[in-house]
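A short write-up of the structure that comes next.
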Amino acid sequence: MQKRTVFLLQDTKEANEELLKLFSDTDEYKVIGMANDGISGIPLIADKRPDFVITELVLSGYDGISVIEKTLLQGVKTKFIVVSALCREEIVIKAINAGAKYFMAKPFNFDILRKRMDDIAEEKDKPQTVDLGLNHRG
C-alpha cells in the first residue's frame with residue numbers, strides 16, 4: 045500500500061517535530077513537508093499537494109482558516125484537519141465552513157487522529173465532523 049502524504053503546519057518547529065515523530069512510527073502516512081507560518085505554508089502545500097494538511101489555527105502571517113481558504117481556492121485537492129487549542133464553537137464552525145474535514149482539540153490522542161484520517165481518506169464525500177476532545181483526552 046502506498047503511504048498517504050501529510051504536510052504539517054503548526055505554530056512551532058517543536059510541534060511539527062513532535063507530529064513528525066508520531067507519523068514516522070506509522071506504516072500508513074509519510075510527512076512530505078512542514079512549515080511554521082501560513083505565508084510559507086500555502087505555496088509549499090500547493091507545490092507538494094499532500095493528501096492531508098494538519099494545521100493549527102494560530103499561525104503567524106495567515107491564520108489556519110485563511111490557509112485553508114487560500115489553498116482550496118487555488119484548486120489544491122487536499123484534506124485539512126485542524127488540531128488546535130482554540131475550540132470555541134464559532135471558530136470550529138468557521139474552520140469547517142472554510143473547508144476543514146475535521147477539527148480536533150488539543151491536547152489530542154494521536155491514534156484517534158490517525159483513525160479519523162483513515163476514515164476521511166476512505167469516505168470522500170461524507171459530511172465534516174467535529175471532535176472537541178471532551179470524551180477522550182490523552
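In the working numbering, the protein residues as written are 45 to 182. Just so it is clear, CB atoms sit at the ideal spot from N, CA and C, and this is done for glycine as well.
Next item on the list: Would you mind listing the alpha helix (DSSP H) stretches within the region 61-140 that are 4+ residues and don't spill past its ends, in chain order?
Entry: Runs found: 82-92, 108-117.
**Prompt:** What is the residue span of the beta strand (DSSP E) that Phe152 lies within?
**Reply:** For Phe152, no beta strand (DSSP E) run applies, since DSSP gives it neither H nor E.
* Would you mind reading off the limits of the beta strand (DSSP E) that contains Thr36? => The first residue shown for the chain is 45 and the last is 182, placing residue 36 beyond what the model contains.
Quick one: is Gln46 buried, meaning 16 or more other Cβ sit within 10 Å of its Cβ, or exposed?
With a threshold of 16 other beta carbon atoms within 10 Å, Gln46 falls short and is exposed.
**Prompt:** On the premise that Phe51 lies in contact with Pro94, defined as a C-beta separation below 8 Å, what is that separation, rounded to the nearest angstrom?
**Reply:** Right, the Cβ-Cβ distance comes to about 4 Å (below 8 Å), so this counts as a contact.
**Sub-8 Å separation of Lys74 and Thr49 beta-carbons** = A contact, by the Cβ cut-off of 8 Å.
| query | What separation, rounded to the nearest whole angstrom, lies between the Cα atoms of Gln118 and Val111? | reply | C-alpha separation (whole angstroms): 11 Å.
Practice task
Determine which residues share a DSSP beta bridge with Ala144 and list them.
Solution key: Phe124.
Q: Flag this pair as yes or no: are the beta carbons of Leu100 and Val127 separated by less than 8 Å?
A: Inspection of the sequence shows that residue 100 is occupied by Glu rather than by Leu. Yes. Within cutoff.
Report task. Starting from the Cα of Asp162, find the closest Cα among Asp91, Leu64, Glu72 and give me that residue. Result -> For the residues Asp91, Leu64, Glu72, the minimum Cα distance to Asp162 belongs to Glu72.
Sort Asp91, Asp69, Thr70 by Cα distance to Met78 and report the nearest one. If we check each option's Cα against that of Met78, Asp91 comes out closest.
field: Spatial distance of Val120 from Leu66 (CA atoms)
entry: Cα-Cα distance, rounded: 25 Å.
Looking only at its own chain, which residues have a Cβ that is under 8 Å from the Cβ of Glu113, when we skip the five neighbours before and after it? Once the five neighbours on either side are set aside, the close Cβ partners of Glu113 are Ala142, Gly143.
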